[in-house]
Structure formats: C-alpha cells, structure tokens
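Here is the structure we will look at.
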Amino acid sequence: MPSRPLRNDSSLTFDHLGLTWPNGRNVFADLSVTLTGTVGVVGSNGLGKSALLRVAAGELRPTSGHVVAPQDVAYLPQHVARSRDRTVAHVLGVEQQLEALHRILAGSVPEDELDEAFHCVGDAWDLEEHLVALLGTYGVRASADLLVRPLASLSGGEATIAALAGLERRAAALTLCDEPTNNLDAVAQARFAETVEQWDAGTLVVATHDVAILRRVQTILELRPRRVRSMAADGVVVRQFGAAAAESAWEVYQRESEVERQAAERRVRDARAVVNAERQRRTAAETAMARRARAGREAADGLPKILANARRSDAEAAGGKLRAQLASRQERARAELEAAHESVPADLSISIDLPGTEIAAQRVVLDVALNSLRLPEGTRLDAADAYLSIRGPERVWVTGRNGVGKSTLLAQVAAGARVPLGWLRQQLDADGAWEGLRDDLTVAEQIATSGTQAQVRAQLARFHLRGDRVNDAVGQLSGGERFRVALARLLLADPAPQLLILDEPTNNLDHASVGQLVTALEGFGGAVVFVSHDEDFAQQLAPSRRWHLTSALV
Numbered sequence: 055m056p057s058r059p060l061r062n063d064s065s066l067t068f069d070h071l072g073l074t075w076p077n078g079r080n081v082f083a084d085l086s087v088t089l090t091g092t093v094g095v096v097g098s099n100g101l102g103k104s105a106l107l108r109v110a111a112g113e114l115r116p117t118s119g120h121v122v123a124p125q126d127v128a129y130l131p132q133h134v135a136r137s138r139d140r141t142v143a144h145v146l147g148v149e150q151q152l153e154a155l156h157r158i159l160a161g162s163v164p165e166d167e168l169d170e171a172f173h174c175v176g177d178a179w180d181l182e183e184h185l186v187a188l189l190g191t192y193g194v195r196a197s198a199d200l201l202v203r204p205l206a207s208l209s210g211g212e213a214t215i216a217a218l219a220g221l222e223r224r225a226a227a228l229t230l231c232d233e234p235t236n237n238l239d240a241v242a243q244a245r246f247a248e249t250v251e252q253w254d255a256g257t258l259v260v261a262t263h264d265v266a267i268l269r270r271v272q273t274i275l276e277l278r279p280r281r282v283r284s285m286a287a288d289g290v291v292v293r294q295f296g297a298a299a300a301e302s303a304w305e306v307y308q309r310e311s312e313v314e315r316q317a318a319e320r321r322v323r324d325a326r327a328v329v330n331a332e333r334q335r336r337t338a339a340e341t342a343m344a345r346r347a348r349a350g351r352e353a354a355d356g357l358p359k360i361l362a363n364a365r366r367s368d369a370e371a372a373g374g375k376l377r378a379q380l381a382s383r384q385e386r387a388r389a390e391l392e393a394a395h396e397s398v399p400a401d402l403s404i405s406i407d408l409p410g411t412e413i414a415a416q417r418v419v420l421d422v423a424l425n426s427l428r429l430p431e432g433t434r435l436d437a438a439d440a441y442l443s444i445r446g447p448e449r450v451w452v453t454g455r456n457g458v459g460k461s462t463l464l465a466q467v468a469a470g471a472r473v474p475l476g477w478l479r480q481q482l483d484a485d486g487a488w489e490g491l492r493d494d495l496t497v498a499e500q501i502a503t504s505g506t507q508a509q510v511r512a513q514l515a516r517f518h519l520r521g522d523r524v525n526d527a528v529g530q531l532s533g534g535e536r537f538r539v540a541l542a543r544l545l546l547a548d549p550a551p552q553l554l555i556l557d558e559p560t561n562n563l564d565h566a567s568v569g570q571l572v573t574a575l576e577g578f579g580g581a582v583v584f585v586s587h588d589e590d591f592a593q594q595l596a597p598s599r600r601w602h603l604t605s606a607l608v
C-alpha cells in the first residue's frame with residue numbers, strides 16, 4: 055500500500071512511484087528521483103507533469119511506491135479556482151489576520167476576544183500596505199479594497215498573481231507550481247522569474263514551458279515517453295540535468311538533448327544503410343544462386359540421374375540455408391531501423407488546406423462602433439478611428455495587462471462578427487479540457503462535418519490522428535492529442551470558419567503543440583483575432599495590426 059512519510063528537510067523524493075489511470079493507462083512505473091533546490095519540470099503535454107505535482111502535493115494517491123516530502127507543502131494548480139466565496143485575502147493566506155485587523159480598527163471586537171484578536175494580528179499592523187506593495191511588484195495597481203474582493207471578480211492573470219504572492223509570503227518547505235506563468239502578462243512573468251532566481255525558502259518545483267523560468271532553475275527534470283517517436287502514453291522515464299561550469303541547467307539540458315538527437319538521427323542513417331546493404335546482399339545472392347542453378351542443370355545433362363539428383367538436392371539445401379541466413383540478417387537490420395526510428399521524435403507539424411476559410415480582401419468581417427463596446431470601468435482601446443473594424447484576412451493581436459478586459463473584448467468581437475467564426479477559448483480546468491470536447495465521444499464523433507467517414511478520417515490524418523485512434527474516446531487521449539482534436543474541431547467545422555478568435559491559445563501547450571498551431575494556421579485563409587502574452591507565438595502569426603487595451607485601474 056503506497057504511503058506518504060514526512061521528513062524534516064525540504065527535499066522531495068519519489069521512491070519506486072507507480073501511477074495508473076482508471077482506464078488502465080500507465081503514467082509512471084518504478085519512478086525514483088530526489089529533488090531539492092529550484093527544479094523545472096519539462097516534457098510534452100500528456101506525459102504526467104501535472105499528475106506528478108498532484109502526487110507530491112498529496113492530492114493524488116499513487117498506485118504504488120512512496121512519496122517522501124516535508125509536512126509544509128504549498129501547491130498552485132494550473133487554474134486558480136475563481137469562486138465567489140474565496141477572496142484575494144484567502145489566497146494570500148491572510149483572511150483571518152486581515153479580518154481581526156479590521157475588527158480591531160473598527161472597535162467591534164468584544165472585550166473578551168481582544169487578546170485573541172491582537173494575537174492574530176501580531177506585529178502586522180501595516181499588513182494592508184505590505185500586501186498592496188507586494189501585489190504592486192507584479193504590476194497590479196492594487197488598493198486595500200482589492201484584498202476583500204472575491205476571486206470570481208478577477209481575471210485569470212490577476213487570480214494567479216494573488217496566488218503566487220501568497221506562495222511567496224508563505225515560503226513553505228516545499229512549493230509546487232503547475233504552469234504558473236500561463237495567464238501572466240510580461241511584467242508579472244518577469245517578476246516571477248526574478249522570484250525563482252532568488253528563491254531560498256526550501257524546494258521549489260515548477261512544471262513549465264516558460265524558457266525564462268527554466269533558465270533560472272538549478273535543476274531540469276525531464277519527463278519523456280518510453281517510446282519517443284510515437285509519443286505513446288505507455289509510461290515515462292525521467293532524467294535530471296544540473297548546472298555545469300558556466301552553463302545553466304537549461305543550457306546543459308538543451309546541449310545534451312541536441313547531442314542525443316543527432317546521435318539518434320545518425321543511428322537511423324546507419325541502420326537504413328545496413329538495411330539497404332542487406333537487401334542488395336540478398337539480391338546478389340539470389341542472382342548468384344540462380345546462375346549456379348542454371349549451370350548445374352546444364353552440367354547435369356551428362357551425369358547419371360541419381361548423381362544429378364543428389365547434386366541438385368545438395369545445391370537446394372545449401373541455397374535454403376543461405377536464404378535463411380540472409381533473411382535473418384535482413385530482419386535484424388529492419389528491427390534495428392525500427393528501434394532507431396523510435397528514438398527520434400516524429401515530425402508532427404500540421405499542414406492542411408482549408409479553401410472554405412478564404413475571404414476576399416475587402417470583405418467586412420467586423421464593424422463595431424467603439425462607443426458601443428462594453429469594457430471594464432477605466433479601460434480604453436487605443437484606436438485611430440471610431441470603429442472597431444476588420445476587412446479581409448487580417449490578423450489582429452489584442453494586448454494589454456492582466457485584468458484589463460481582453461477576454462471581454464473578444465466576446466464582443468464574436469457577437470459582432472459578420473462571417474462564420476470559430477472560437478478557441480482559454481482552457482477552463484486543470485484536466486486540460488478544451489471547450490466543446492466530450493470525453494465520452496470518439497475523435498471522429500467530435501468533428502461536425504458533412505463529409506463521409508472516409509473524408510473525416512483523411513482530414514483527421516492531417517492532424518496526426520490516424521487508424522484506430524479516431525475511434526478512441528477523447529477521454530483516453532494524451533494532452534497533446536486532445537489539443538489536436540480541439541484544433542481539428544475548430545478548423546474542420548461546417549460551415550468553415552472565416553474568423554478565428556483565439557484567447558491565450560498557447561496556455562498549457564508544450565513547444566511542439568505551439569508549433570502545430572502555427573503551421574495549422576498557415577492554411578487558414580480567413581481573419582484571426584488573438585490574445586497572447588507569448589511574444590514569439592504572436593510574431594510567428596505575423597499580425598497586421600494590434601489592438602491595445604489600457605486601464606487607469608490596472
């Protein structure tokens with residue numbers, strides 16, 4: 055029975071850890087590793103980074119093995135629950151202290167409760183000022199009123215900032231963060247990167263695709279599939295990389311990964327050369343045996359029948375033995391080539407023609423009067439004219455600080471669209487669910503198209519969803535596969551979308567999935583309006599314009 059012993063130091067140990075999902079998919083098997091200091095956890099979507107952190111936090115029980123961790127553990131999931139009954143003070147960990155302070159200052163504490171209230175406040179009489187200043191370092195224009203606001207009234211980025219500030223104040227022996235910078239703007243991202251670099255409060259484990267964070271950790275922990283090429287969800291292996299000489303852990307990881315990739319590609323080339331050589335050897339041997347057989351038949355014409363038959367039998371036996379040897383050599387060469395291919399990640403770029411999405415250069419896609427927009431109080435849109443308009447296949451990048459109202463603006467763009475649209479919203483839960491996907495439906499059933507089954511299969515193959523995989527339930531897919539289904543559902547819709555609205559589409563995506571999104575959009579001929587704090591992704595989409603939101607309150 056798995057157990058969870060406690061330890062006094064801040065290190066985290068997984069001892070022969072095993073984890074299997076209820077559907078039978080093996081995530082971890084006999085995983086053993088000890089982590090200390092600042093650690094960046096990397097790996098493709100669906101390999102179990104979030105599951106590993108949940109096991110460490112005690113939220114998920116392993117199937118086998120042990121987790122040895124300190125008693126004081128703080129955990130930040132991918133998505134901060136923005137409920138109405140939790141306030142900013144709650145995630146900052148000061149709700150009771152702040153309430154006691156307010157009651158004392160208001161003179162509403164009964165005399166018999168004064169000692170308890172003063173004890174709760176301690177020396178933190180400037181608590182509100184301290185918290186406002188702390189949130190300000192993340193770029194939030196905060197006031198004391200913000201501390202008592204419900205999380206449901208905040209943007210995703212603002213809620214994450216409050217949670218990160220709470221982790222910083224708490225300084226637990228073990229702190230676990232799952233993709234903490236996904237919803238953060240550039241100022242908050244830089245602030246958290248600085249926090250990671252200066253972290254000295256125990257062990258900090260961060261699962262992230264953010265290179266700015268990965269450059270600052272002391273150790274890189276890589277999760278990789280046992281079968282690299284197929285990215286099959288049949289268990290993972292882990293490797294650790296630490297800093298060396300003048301190189302950071304991230305630089306060591308990149309260098310060794312590149313060396314490994316080149317070695318794997320060289321192994322494929324060598325194995326392919328052996329396969330070709332064995333094929334030629336077998337062809338040459340068959341030709342030589344055929345030539346000897348003809349010569350033997352000609353020579354046998356003058357021999358007694360019994361002697362000719364004996365020679366023919368000996369020749370056939372020798373030929374059979376040689377063929378078996380050559381076939382065995384060829385089979386071993388093919389097996390080595392297959393194994394070599396498994397060590398090289400497959401090219402999963404998505405290239406697809408989407409002719410139904412094309413629109414004329416002067417087609418009106420959107421035309422909304424600025425004075426009709428309903429934006430948060432204090433927010434304004436920097437615009438040169440009185441209308442929010444899109445003509446033809448423009449690509450518009452929506453920018454602004456956390457909480458300024460970018461998602462609110464996208465909703466109004468959708469409401470005013472004059473062409474069929476597709477909307478990829480932010481992921482809403484920690485399980486990596488994309489809006490509209492149902493775990494109980496198969497991949498093929500998710501695609502709303504008038505095409506035949508064969509056409510649907512052909513289209514899904516362009517998204518690297520092939521064979522029996524299209525008949526699997528979405529709930530059985532890895533995170534990367536689920537993203538490709540969501541992307542296929544968006545782009546293959548009937549009628550074809552001519553406007554795409556993308557709200558932080560790269561959140562929670564690994565680098566390979568971001569690349570797939572970029573290449574898939576190369577075949578899209580309509581207009582695109584997108585929100586993203588990912589500068590590299592935005593530049594790859596080559597926006598023709600930018601809508602920038604500012605606020606006097608954020």
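Per my numbering, residue 55 is the first one in the sequence shown, and the count goes up by one each step. Just so you know, even glycine gets a beta-carbon here, dropped at the ideal spot from N, CA and C.
Heavy atom of the ligand SAH within 7 Å of residue i beta-carbon
i, result
"A261", "Within the structure as shown, the ligand SAH is missing, as the structure has no ligands at all."
Collapsed DSSP secondary structure at residue i in the structure displayed
i, result
"Y441", "strand"
"N425", "helix"
"L600", "Inspection of the sequence shows that residue 600 is occupied by Arg rather than by Leu. Three-state DSSP puts R600 in a strand."
"F591", "helix"
"A286", "Residue placement at A286 cannot be trusted, given a pLDDT of 48 that sits under 50; what the coordinates show is reported in the next sentence. Residue state, collapsed to three classes: coil."
"E385", "helix"
"L607", "coil"
"P204", "strand"
"N561", "coil"
"P59", "Low per-residue confidence applies at P59: pLDDT is 49, beneath 50, and the placement is therefore not dependable, though the value from the model is reported in the following sentence. It is coil, neither helix nor strand."
"G94", "strand"
"A83", "strand"
"L544", "helix"
"L73", "strand"
"A527", "strand"
"V510", "helix"
"T341", "helix"
"V419", "strand"
"N330", "helix"
"E431", "coil"
"F537", "helix"
"L376", "helix"
"D355", "coil"
The alpha helix (DSSP H) enclosing residue i, as first and last residue numbers
i, result
"F246", "A240 to E251"
"V142", "V142 to L146"
"V568", "H565 to L575"
"H173", "L168 to V175"
"I215", "G210 to R224"
"T506", "Here T506 belongs to no alpha helix (DSSP H), and DSSP marks it neither H nor E."
"T462", "K460 to G470"
"L188", "L181 to T191"
"Q151", "E149 to A160"
"S104", "K103 to A111"
Start and end residues, beta strand (DSSP E) containing residue i
i, result
"A128", "V127 to L130"
"V452", "R449 to T453"
"A123", "S118 to P124"
Beta bridge counterpart(s) of residue i as assigned by DSSP
i, result
"I555", "W477 and V583"
"D436", "H602"
"T88", "T67"
"T229", "A128 and L258"
"F578", "L408"
"T496", "A527"
Beta-carbon spacing of residue i, residue j below 8 Å
i, j, result
"E270", "E301", "The displayed chain sequence assigns Arg, not Glu, to residue 270. No, these two residues do not count as a Cβ contact at 8 Å."
"R326", "L380", "no"
"G577", "I406", "yes"
"G256", "S64", "yes"
"S586", "P430", "no"
"V528", "L491", "yes"
"S567", "F591", "no"
"V219", "L181", "Residue 219 is actually Ala in this sequence, not Val. No, the pair does not count as a contact, with Cβ atoms beyond the cut-off."
"T229", "L221", "yes"
"V422", "R599", "no"
"G161", "R245", "no"
"A581", "L541", "no"
"G147", "R203", "no"
"N456", "A242", "yes"
"L268", "V292", "no"
Item to check | Start-end ranges of the alpha helix (DSSP H) lying completely within the segment 255-320, minimum 4 residues | outcome: 265-268
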